[in-house]
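In my numbering, the protein residues as written are 3 to 534. Glycine is no exception: its CB is placed at the ideal position from the N, C-alpha and C atoms. Inspection log for the structure reproduced underneath, given as structure tokens.
And the structure:
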């Protein structure tokens, strides 16, 4: 009989018996809310409050995105999640030649704080939490959010949300980096310091396994490589003089949910346990710092253009995996996202999927309902053991930054992606409507916006802001950033001026994302990946 394997290559026996599972309840599980948090980070989990339903949206202009946010909030969404276009992510202003053809195409274009005002118009920032998927320019976008709140009379300590700010995974899997790793990590530590001191309800990072998984990693690799990056961030902050328990309770994580229900549930449980053990063993962290809080998004890479309504079922299974696994917030993809940005109908149905899971399925009635399943506990153990082995390899290479330079993560993910594709093409892994049960129909065509007109309007908005602002004040604010920046590129620097307040001053003066990024790039240079 052919051996059955999970998508991560873990052997699956036909029947799992209690004598095959090495499990001590106190050591390996514990009650929900207690170390090692395998069963959840809060004692009552969803019996107290459902996960945050945070749908991801970004559509060309700030005005169009604001309209989608309002539609989703009116439909019952409980948190915002912002997608930015590539120029904004890369620190490139909409009016520059490098941005041509990309403005507003995969998210909202934000050039100055005036765009952020439009994006957040009418949204109560002291009541709604906001997640921003932004990395290399995270400090500038957070500064814009703070200035918008400030200009509305909302205090910083009333703001809640997250900036992704996970630059290491950009070098590994995604590519929207600007600066080399050393100053990027130093800036991350500065954001940890600033948020702990000034914006205490804000998560200064969302360490992202999602994009690692989207690039082709297995569930085991997603856990291991995410935690390798996370350990590097914690170490950087500790070396910068921050006490681990002063910032670690605000660390957040971002994982994918894919189609294998039981492996995904086990992944989330194993991740909580492993993170708790890593933080206690390596940093002596307290329980608050050991709690793994994470957002989940259903797997974009699992969506298919063929028979797109099948994606509704895939997303539902993935939402079940995330909630059975104890996520703190969730985004469910629209069924049409393999074809285009989701339509309003698809986005609303994706939100309704969460609501039906939350209110009708029974998953919220008891905490960690799959605990004690011999199969789930065996998978949980196996994922943790395999992730620990991968982390040991990263440690041997010298940590995450050294492993990136060596190409270790990239090679491992590339191999996994290739092996998966071979299985699909051979029919060993069935994708309904793609390599089995096809109907010969062409995927539907979804009309696209007029991106050329959108780009012209965005460039005109940026020009208008520049014409109206005090350019002397802008140049003075940029000069103060330039004065402080070089120390962040020097690992031996004994003292560094606080950079976040200077970035906020520049944003307040109406400096653009591109101007601030260019100022930092002049001090730090641009990262060039090795071709070997």
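Asked                                                                                                                                                                                : Found
For a quick check, are the C-beta atoms of residue 532 and residue 464 less than 8 angstroms apart?                                                                                  : no
Which residues does DSSP pair with residue 257 in a beta bridge?                                                                                                                     : 298
In the DSSP assignment, find the unbroken beta strand (DSSP E) run with residue 58 in it and report its ends.                                                                        : 54-59
If contact is defined by three or more beta carbon pairs under 8 angstroms, each pair taking one atom from either stretch, is the stretch 52-70 in contact with the stretch 111-123? : yes
How many Å lie between residue 411 and residue 217 at the Cα?                                                                                                                        : 11 angstroms
Out of curiosity, what's the CA-to-CA distance linking residue 343 and residue 434?                                                                                                  : 22 angstroms
Following the continuous alpha helix (DSSP H) through residue 333, name the residue where it begins and the one where it ends.                                                       : That residue, residue 333, is in no alpha helix (DSSP H); its beta strand (DSSP E) goes 331-333.
Could you have a look at residue 589 and say whether DSSP puts it in helix, strand or coil?                                                                                          : There is no way to answer for residue 589, as the model of the chain reaches only from 3 to 534.
Could you tell me whether the stretch 227-241 touches the stretch 388-399, where touching means 3 or more Cβ pairs closer than 8 angstroms?                                          : yes
Whole beta strand (DSSP E) runs in the stretch 166-252 with 3 or more residues, listed along the chain?                                                                              : 208-210
Would the beta-carbon of residue 135 fall within 8 angstroms of that of residue 169?                                                                                                 : no
Measuring CA to CA, which of 301, 511, 450 and 355 is closest to residue 477?                                                                                                        : 511
Just confirm the distance between the C-beta atoms of residue 326 and residue 381, as a whole number of angstroms; I'd bet it's less than 8 angstroms.                               : That belief does not hold up - the Cβ atoms of residue 326 and residue 381 are roughly 13 angstroms apart, past 8 angstroms.
According to the Cβ coordinates, are residue 43 and residue 50 closer than 8 angstroms?                                                                                              : no
Is it the case that the Cβ atoms of residue 59 and residue 352 are separated by a distance below 8 angstroms?                                                                        : no
Since residue 406 and residue 223 are thought to touch, with beta carbons under 8 angstroms apart, how far apart are those beta carbons, to the nearest angstrom?                    : That pair is no contact at about 14 angstroms.
Counting only the same chain and skipping the five closest in sequence on each side, list residues whose C-beta sits under 6 angstroms from that of residue 10.                      : 220, 221 and 222
Which residue marks the beginning of the alpha helix (DSSP H) containing residue 384, and which one marks its end?                                                                   : 376-399
Pick out whichever of 426, 21, 114 and 95 has its Cα sitting closest to the Cα of residue 471.                                                                                       : 114
Would residue 13 be called buried (16 or more neighbouring beta carbons within 10 Å of its own) or exposed?                                                                          : exposed
Give me the Cα-Cα distance between residue 490 and residue 523, rounded to the nearest whole angstrom.                                                                               : 12 angstroms
Can you tell which of 358, 359, 508 and 102 has the C-alpha that lies nearest to the C-alpha of residue 473?                                                                         : 508
For residue 447, does the count of other Cβ atoms within 10 angstroms reach 16, so buried, or fall short, so exposed?                                                                : exposed
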